[in-house]
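**Q**
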Amino acid sequence: MTAELPNVGDVLGRALARYATDATRPAVTQAVRLLTAHRAAGNVCLPFDDLAHDREVDADSLREGLLTSGVCGRDEKAMLPLVLDAEDRLYLRRDFAVERRIATALQSRLAAPAAVPPEVLRDALAARGELPVEPPVGGEVEPDWQLAAIAAAASRRFLLLTGGPGTGKTTTVARLLALLLDLPDEQGITPRIALCAPTGKAAARMAEAIRRHAASDATLQAALPDLEPRTLHRLLGYRALDDSFLFGRDRALPFDVVVVDEASMLDPVLLAELLDALADDARLVLVGDRDQLAAVAAGQVLGDLCRAANADRGPGRALADLVRQTTGMQLPTQDDAPPIADHVIQLRVNHRFGAQPGLDHFARALALRDPRGALAVLDAGHPDLVLATDPDAVLRELEDELLAIVAASADEAVADLGRLRVLAATRHGAGGTLAWNRRIEDLLARHGIRVDDPWYPGRPILVLANDHQNRIFNGDLGVACRDENGRPQVAFPGADGGVRYVSAFRVPEHETAWAMTVHKSQGSEFDTVVLSMPSEDGPLWQAPLLYTGITRARRRALLVAEAELLRAGVTRWPERSSGLYTALR
0 MTAELPNVGD VLGRALARYA TDATRPAVTQ AVRLLTAHRA AGNVCLPFDD LAHDREVDAD
60 SLREGLLTSG VCGRDEKAML PLVLDAEDRL YLRRDFAVER RIATALQSRL AAPAAVPPEV
120 LRDALAARGE LPVEPPVGGE VEPDWQLAAI AAAASRRFLL LTGGPGTGKT TTVARLLALL
180 LDLPDEQGIT PRIALCAPTG KAAARMAEAI RRHAASDATL QAALPDLEPR TLHRLLGYRA
240 LDDSFLFGRD RALPFDVVVV DEASMLDPVL LAELLDALAD DARLVLVGDR DQLAAVAAGQ
300 VLGDLCRAAN ADRGPGRALA DLVRQTTGMQ LPTQDDAPPI ADHVIQLRVN HRFGAQPGLD
360 HFARALALRD PRGALAVLDA GHPDLVLATD PDAVLRELED ELLAIVAASA DEAVADLGRL
420 RVLAATRHGA GGTLAWNRRI EDLLARHGIR VDDPWYPGRP ILVLANDHQN RIFNGDLGVA
480 CRDENGRPQV AFPGADGGVR YVSAFRVPEH ETAWAMTVHK SQGSEFDTVV LSMPSEDGPL
540 WQAPLLYTGI TRARRRALLV AEAELLRAGV TRWPERSSGL YTALR
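If you use numbering that gives the first Met the number 0, the sequence shown corresponds to residues 0 to 584, in order.
1) Using CA atoms only, rank isn't needed, just tell me which of R551, L109, Q29 is closest to G522.
2) Three-state secondary structure (DSSP) at F491?
3) Quick check on A154: does DSSP put it in helix, strand or coil?
4) Could you tell me which residues DSSP puts in a beta bridge with P46?
5) Identify which residue in R571, A111, L394 has its Cα closest to the Cα of A317.
6) With C-beta atoms as the reference, is L384 less than 8 Å away from V393?
7) Smallest Cα separation from G493: which of G548, E563, D410, R127?
8) Assuming contact is defined by CB atoms lying nearer than 8 Å, are G41 and A297 in contact in what I supplied?
9) Three or more C-beta pairs closer than 8 Å, one from the stretch 450–464 and one from the stretch 180–197: is that the case here?
10) Name the DSSP beta bridge partners of G537, please?
11) Of the choices A512, F491, L178, whose alpha-carbon is the least far from that of R505?
12) What are the start and end residues of the alpha helix (DSSP H) that includes V376?
13) Just confirm the distance between the C-beta atoms of V115 and L182, as a whole number of angstroms; I'd bet it's less than 8 Å.
14) The beta strand (DSSP E) spanning Q329 covers which residue range?
15) For a quick check, are the C-beta atoms of N484 and G199 less than 8 Å apart?
16) Of all the options R420, R437, G380, which has the alpha carbon lying nearest to the alpha carbon of L397?
17) Per DSSP, which one or two residues make a beta bridge with Y237?
18) From the DSSP output, read off the bridge partner residues of L530.
19) Taking buried to mean at least 16 other C-beta atoms within 10 Å of its own C-beta, is P197 buried or exposed?
20) Just grab the DSSP bridge partners of Q590 for me.
21) If you compare alpha carbons, which of L176, G380, P80, G165 is closest to I209?
22) Using the Cβ count rule (16 or more neighbours within 10 Å means buried), how would you classify V348?
23) Please give me, in chain order, every unbroken run of the alpha helix (DSSP H) with length at least 4 that falls completely inside the stretch 5–90.
24) With DSSP as the reference, identify every bridge partner of I600, one or two as the case may be.
25) With distances taken from CA atoms, which of D369, A319, R323, R229 is nearest D290?
26) Could you tell me whether the stretch 96–110 touches the stretch 55–65, using the rule of 3 or more Cβ pairs below 8 Å?
27) Straight-line CA distance for R619 to D389?
28) Is there contact between the stretch 535–549 and the stretch 352–363, where contact requires at least three CB pairs shorter than 8 Å?
29) For S502, report the span of its beta strand (DSSP E) as first-last.
30) Given a cut-off of 8 Å, decide if R93 and L83 are closer than it, judged by their beta-carbon atoms.
31) Output yes if chain D places a C-beta closer than 8 Å to the C-beta of R289; else output no.
32) Can you tell me which of R108, L301, N469, R486 puts its alpha carbon nearest to the alpha carbon of L274?
33) Could you please give the first and the last residue of the uninterrupted alpha helix (DSSP H) stretch that includes G298?
34) Tell me the residue span of the alpha helix (DSSP H) that contains V413.
35) Does D605 pass the burial test, meaning 16 or more other C-beta atoms within 10 Å, or should it be called exposed?
36) Would you kindly check if the distance between the Cβ of I344 and the Cβ of V256 is under 8 Å?
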């Protein structure tokens, strides 16, 4: 019989209680247990307001016990393991310190003077043909939010660019990079630019997108060798031996502009390290979809920043004035906007889903927090968005497509990696990735495919670890195949758009990837997506997971879910507790 593992909160609580006074040990033990449970749900801190309706907790006694225990202070300067801040939020000291570092660094960037004078920026935009066409007499220029973001990012030390799938975030970044490369500083020096993302997969996707845009822009094309995206860990020079970074407060990154894609996945600790490592006069651009799943770690930095800025209500007056001076456009503004609102632009027009009204309207309804609208889209019977309840029926519908993928040559199979994918909320259970991989391989076996051979041709694999020597990274997708001598190998998409072959025995830890989790799919797109949700209610039944999974589809999505659970799931937008929102308001 396997012994049950001890609860982390209980272990940590007892450890800290050893250093508390006898009278306050129960308070410390209880508070740490509650805090660790909150952190496990993604929250950075435990607001005491959340305890008001908990009959098992006396918040007043708990507060008094903590503050007299000798292990909890009011800020990190007390050098105690717990912090109870002025807003009655309980933190682990490390989490509190990270949040303060982020807030302080961002506040400094919000107050920094313009990097480029408006008249210089306007001339540069005009030279690149970026300025909008003059309106007729008495008319107004319709807002081009991408152009507004370019003007803001070029002139400010910090900009957050957010928007749903297909709104042109990468296009905006490409246009911004081309402008900055044509906009040398007062000494005529071209800015040094770094592109990065939280994961290797997201960095690779960013590289593909920038290469596509460079094909029609000579400035970008010439700069491509210096614009190779990398992971944030590689950018900061992560050193595994002592769990530290080469660049930080004492050694600034040698870049004038840093662009971080897929910022919804940012771990707050990593963002704090990046902010420490930036030169004071460097520009930072965060890019991401605020409605996607937050980072696996506690916190949701992108969501906090967008919420603090009220991004859907438009920018503040200062940013609107800058955009008007540089482009002639009038942007809608919000009254009494906080400073962060002058550094956040939300893209609003979807350019991807023109022929997919189901995907478009469903994603938009979720982003607007309109559960009734989202359910109405599913009920409308759009062919590009189908609700199904029987996994076997879905599998039969995909049978011919799956067989075609396996029958393809290695080159064709690599091209087909973006054709079809099952996405699941979890690995385990009847609707998890393990079950779906078994279902699909059972189907292939019935058609004579030797799936008992781990390297059967056509088997998609998902890499789970980094191998810098072979340039294979966590999140990469490849296809098993055989060389001319019958030896197993894996074909990966090449950096130049071709195919790269690696011996199967040199591929790091990996797994079969007919199905993958929604978390691991972030930053990817597939023509057809099957989104498999759990058959029982639970914390994974939430709108961000539905939104993220469905918006991985380019053309069609099949949602495998129980209708009753779906009706509840579309209403749940979990907000993680932190103090970052308050600090930036």
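Even for Gly, the Cβ is constructed at its ideal location relative to N, Cα and C.
**A** Checking against the coordinates, here is how it stands:
1) Looking only at R551, L109, Q29, the smallest Cα-Cα distance to G522 is reached by R551.
2) Reduced to three states, the DSSP call for F491 is strand.
3) It is Ser, not Ala, that sits at residue 154 in the sequence shown. Looking at S154 - three-state DSSP - the assignment turns out to be helix.
4) According to DSSP, which records beta bridges pairwise, P46 is partnered with R88.
5) Of the listed residues, the one whose Cα sits closest to A317 is A111.
6) No; because the gap between Cβ atoms is not below 8 Å, this pair is not in contact.
7) G493 has its Cα closest to that of D410, out of G548, E563, D410, R127.
8) The Cβ atoms of G41 and A297 sit closer than 8 Å to each other.
9) Too few Cβ pairs lie closer than 8 Å, so no.
10) Per DSSP, none; premise fails for G537.
11) If we check each option's Cα against that of R505, F491 comes out closest.
12) For V376, the enclosing alpha helix (DSSP H) stretches over residues 370–378.
13) Going by Cβ atoms, the distance from V115 to L182 rounds to 7 Å, so yes, they are a contact pair.
14) Taken as a continuous stretch (DSSP letters only), Q329 belongs to no beta strand (DSSP E), as it is neither H nor E.
15) With respect to G199, N484 sits apart: the two C-beta atoms are not nearer than 8 Å.
16) The shortest C-alpha separation from L397 is found at R420.
17) According to DSSP, which records beta bridges pairwise, Y237 is partnered with F244.
18) According to DSSP, L530 bridges with L422, L558.
19) By the neighbour-count definition (other C-beta atoms within 10 Å, threshold 16), P197 is a buried residue.
20) Residue 590 is absent from the model: the chain starts at 0 and stops at 584.
21) If we check each option's Cα against that of I209, L176 comes out closest.
22) V348 is classed as exposed because its beta carbon has fewer than 16 other beta carbons within 10 Å across all chains shown.
23) Taking only runs of at least 4 residues, the alpha helix (DSSP H) segments lying wholly in the stretch 5–90 are 7–16, 24–39, 58–66.
24) Since the first residue of the chain shown is 0 and the last is 584, residue 600 is not available in this structure.
25) Residue D369 is the option with its Cα nearest to D290.
26) Contact between the stretch 96–110 and the stretch 55–65 is absent: fewer than 3 CB-CB pairs across the two stretches fall below 8 Å.
27) Any question about residue 619 goes unanswered here, given that the chain covers just 0 to 584.
28) With three or more CB-CB distances shorter than 8 Å, the stretch 535–549 counts as touching the stretch 352–363.
29) 498–502 is the span of the beta strand (DSSP E), which, as asked, contains S502.
30) No, the pair does not count as a contact, with Cβ atoms beyond the cut-off.
31) The structure shown contains no chain D; it holds only a single protein chain.
32) If we check each option's Cα against that of L274, R108 comes out closest.
33) No alpha helix (DSSP H) contains G298, which DSSP labels as neither H nor E.
34) DSSP places V413 in the uninterrupted alpha helix (DSSP H) bounded by 409–414.
35) For residue 605 there is no data in the structure shown, the boundaries of the chain being 0 and 584.
36) Against a cut-off of 8 Å, the Cβ pair of I344 and V256 comes out as no contact.
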